[in-house]
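**Student:** Once you've had a glance at the structure underneath, I'll fire off some questions.
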Amino acid sequence: SQQGEEDPQALSIQEGENATMNCSYKTSINNLQWYRQNSGRGLVHLILIRSNEREKHSGRLRVTLDTSKKSSSLLITASRAADTASYFCATDTGRRALTFGSGTRLQVQP
Amino acid sequence: EAGVAQSPRYKIIEKRQSVAFWCNPISGHATLYWYQQILGQGPKLLIQFQNNGVVDDSQLPKDRFSAERLKGVDSTLKIQPAKLEDSAVYLCASSSFRGGTDTQYFGPGTRLTVL
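If you read the protein sequences in the order shown, they are chains A and B.
For the first sequence, counting from 1, position 74 maps to 74 in my numbering; every step adds exactly one.
For the second sequence, counting from 1, position 42 maps to 1042 in my numbering; every step adds exactly one.
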C-alpha cells in the first residue's frame, strides 16, 4: 500500500506563480523526500527533510514537515514551464526502501 | 559520475511470454532497488538488494517475477509468464547509505506493454 498521498492530484498554474503540493502519510518516518518525474523519464531527487526538521529550502523549493500531523508540503516559487512534471513524496520509515505517494501532476502554462 | 543505466527502454510482448530487464547501478552503490510504476501511480517497491543479498522482496509476485544481482553489481528482473496487469514502467534505483540518509538515484526505466 502507498504510504503517502499527495494533494492535489493535478495542478495547473501560470508561469511565475507559486505551486504548492501537499503530502500526507500514515506511519512514523526517518525522513521524507520529494522527487520529480518528467513524462517518460525516471525520478529525480529534489530535496530531503529529516523527521527532526520543520523546514528546508533549496533554490526555489521550500519543504515543510509537520510530524504531528504527518504531513509535508512542497512549495515551488516563481514557477517556470520547465517545472511541468509529476511530483512525488516518498517516506523513509527506516527500512530504507522508499514508499511513494501517488503524485501531483503540475502543469505550468507559459 | 554516470547514472543508473537500464535496458531496454521499451518492450512490447504478448501475455504469457517472458521478458527480462537489466540494470547497472551507479558505481560503488551497494543498494539496488526495483520498482514497478503503473500509469498514474507512484512507484511501488518490488525488491531491494544489499550487495548481492535480498533485503526485502515482500511485494514481489514470486510466482512470476524473479530478480538477481550477481556479484553485487548489475541486476536483472524477469517476468515469466507476463500478464496484462504487468504493463508498467520498471524503475531501477541505487543508493549508498551516507550520513544516515539514503538518497536514491533512478534510471530512466523500462516501459513494458503486455498485449
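All C-beta atoms in this analysis are idealised placements derived from N, C-alpha and C, irrespective of residue type, glycine included.
All values derive from a computational prediction rather than experimental measurement.
For Gln1059 (chain B) and chain A, any beta-carbon pair shorter than 7 Å?
**Tutor:** In the second sequence, residue 1059 (chain B) corresponds to position 59, counting from 1. No, no contact with chain A.
**Student:** Determine the extent of the beta strand (DSSP E) in which Tyr87 (chain A) is found, giving its start and end residues.
**Tutor:** Within the first sequence, numbered from 1, the residue matching residue 87 (chain A) stands at position 87. Its beta strand (DSSP E) spans residues 85-92.
**Student:** Mind checking who Ile1013 (chain B) pairs with in its DSSP beta bridge?
**Tutor:** As a first step, residue 1013 (chain B) is located in the second sequence; it is residue number 13 there, counting from the start. Its beta-bridge partners are B:Val1114.
**Student:** With 7 Å set as the bound, which would you pick, yes or no: does the beta-carbon of Phe1065 (chain B) sit closer than that to a beta-carbon of chain A?
**Tutor:** Within the second sequence, the letter at position 65 stands for residue 1065 (chain B). Not an interface residue.
**Student:** Is the CB of Arg54 (chain A) under 7 Å away from at least one CB in chain B?
**Tutor:** For the purposes of this step, residue 54 (chain A) is taken as residue 54 along the first sequence, with counting starting at 1. Taking Cβ atoms only, chain B never reaches closer than 7 Å to Arg54 (chain A), which makes this a no.
**Student:** Asp1063 (chain B) to Lys1044 (chain B), Cα distance in whole Å?
**Tutor:** Along the second sequence, read from residue 1 onward, the residue named residue 1063 (chain B) stands at position 63. Along the second sequence, read from residue 1 onward, the residue named residue 1044 (chain B) stands at position 44. Asp1063 (chain B) and Lys1044 (chain B): Cα-Cα distance of roughly 18 Å.
**Student:** DSSP state of Ser1 (chain A), grouped into three classes?
**Tutor:** As a first step, residue 1 (chain A) must be located in the first sequence, where it is residue number 1. Caution is warranted here: a pLDDT of 45 is assigned to Ser1 (chain A), below 50, making its placement in the model unreliable, and the coordinate value is therefore given only provisionally. Coil at Ser1 (chain A), not helix or strand.
**Student:** Would Phe1106 (chain B) count as contacting chain A if we go by Cβ distances under 7 Å?
**Tutor:** For this step, residue 1106 (chain B) is matched to residue 106 along the second sequence. Put simply, the CB of Phe1106 (chain B) is near chain A, with a gap under 7 Å to one of its CB atoms.
**Student:** Mind checking if Arg36 (chain A) is an interface residue toward chain B, Cβ cutoff 7 Å exclusive?
**Tutor:** For this step, residue 36 (chain A) is matched to residue 36 along the first sequence. Output row for Arg36 (chain A): interface = no.
**Student:** Any idea if Glu1068 (chain B) is buried or exposed, counting beta-carbon neighbours within 10 angstroms, 16 or more meaning buried?
**Tutor:** The residue labelled residue 1068 (chain B) in the question sits at position 68 within the second sequence. That one is exposed.
**Student:** Leaving out the 5 sequence neighbours to the left and right, which residues in its chain are closer than 6 Å to Ile49 (chain A) when beta-carbon positions are compared?
**Tutor:** Residue mapping note: residue 49 (chain A) aligns to position 49 of the first sequence, counting from 1. Excluding sequence neighbours, Ile49 (chain A) sits near Leu32, Lys56, Val63, Leu65.
**Student:** Measure the alpha-carbon distance for Leu74 (chain A) versus Ala1005 (chain B) and round it to whole angstroms.
**Tutor:** By one-based count along the first sequence, residue 74 (chain A) stands at place 74. By one-based count along the second sequence, residue 1005 (chain B) stands at place 5. In a straight line, the C-alpha of Leu74 (chain A) is about 29 Å away from that of Ala1005 (chain B).
**Student:** Output needed for Tyr1010 (chain B): all residues of its chain with C-beta closer than 6 Å, excluding positions within five of it in sequence on either side, in chain order.
**Tutor:** The count along the second sequence starts at 1 and reaches residue 1010 (chain B) at position 10. Here the set comprises Arg1111.
**Student:** With a threshold of 7 Å on Cβ separation, who are the neighbours of Ala81 (chain A) within its own chain once the five nearest residues in sequence on each side are excluded?
**Tutor:** Within the first sequence, the letter at position 81 stands for residue 81 (chain A). Only Glu15, Val108, Pro110 meet the Cβ criterion.
**Student:** If we call anything under 7 Å between Cβ atoms a contact, is Leu1032 (chain B) one with Leu1046 (chain B)?
**Tutor:** For the purposes of this step, residue 1032 (chain B) is identified with residue 32 of the second sequence, where counting begins at 1. For the purposes of this step, residue 1046 (chain B) is identified with residue 46 of the second sequence, where counting begins at 1. Contact annotation: Leu1032 (chain B) and Leu1046 (chain B) have beta-carbon atoms that are not nearer than 7 Å.
**Student:** Where Thr93 (chain A) and Asn30 (chain A) are concerned, what is the direct C-alpha to C-alpha distance, given to the nearest angstrom?
**Tutor:** Indexing the first sequence from 1 puts residue 93 (chain A) at position 93. Indexing the first sequence from 1 puts residue 30 (chain A) at position 30. Whole-angstrom Cα-Cα distance: 5 Å.
**Student:** Using the C-alpha atoms, what's the distance from His45 (chain A) back to Arg60 (chain A)?
**Tutor:** Here residue 60 (chain A) refers to the residue found at position 60 of the first sequence. Here residue 45 (chain A) refers to the residue found at position 45 of the first sequence. Taking the straight line from one Cα to the other gives about 14 Å.
**Student:** Expressed to the nearest angstrom, what Euclidean distance is found between the alpha-carbon atoms of Val1073 (chain B) and Asn52 (chain A)?
**Tutor:** To locate residue 1073 (chain B), count along the second sequence from 1; it is residue 73. To locate residue 52 (chain A), count along the first sequence from 1; it is residue 52. Each residue's alpha carbon lies about 34 Å from the other.
**Student:** Buried or exposed for Tyr1090 (chain B), please, with buried defined as at least 16 other CB atoms from any protein chain shown within 10 angstroms of its CB.
**Tutor:** Counting from one through the second sequence, the residue named residue 1090 (chain B) turns up at place 90. Classification for Tyr1090 (chain B): buried.
**Student:** Since Gly103 (chain A) meets chain B, which of its residues come closer than 9 Å, beta carbon to beta carbon?
**Tutor:** Locating residue 103 (chain A) in the first sequence gives position 103, where the first residue counts as 1. What Gly103 (chain A) touches in chain B: Gly1040, Gln1041, Gly1042.
**Student:** Return the residue from the list A:Tyr35, A:Gln37, A:Glu6 that minimises the CA-CA distance to Tyr25 (chain A).
**Tutor:** Within the first sequence, numbered from 1, the residue matching residue 25 (chain A) stands at position 25. Residue A:Glu6 is the option with its Cα nearest to Tyr25 (chain A).
**Student:** Between Gln57 (chain A) and chain B, is there a C-beta pair that is closer than 7 Å?
**Tutor:** For the purposes of this step, residue 57 (chain A) is identified with residue 57 of the first sequence, where counting begins at 1. For clarity, residue 57 (chain A) is His in the given sequence; the question names Gln instead. Between His57 (chain A) and chain B, the shortest Cβ-Cβ separation is not below 7 Å.
**Student:** Within the continuous beta strand (DSSP E) that includes Val1004 (chain B), where are the two ends?
**Tutor:** What you label residue 1004 (chain B) is simply residue 4 of the second sequence in a count that begins at 1. Note, Val1004 (chain B): premise wrong, no beta strand (DSSP E); not H, not E.
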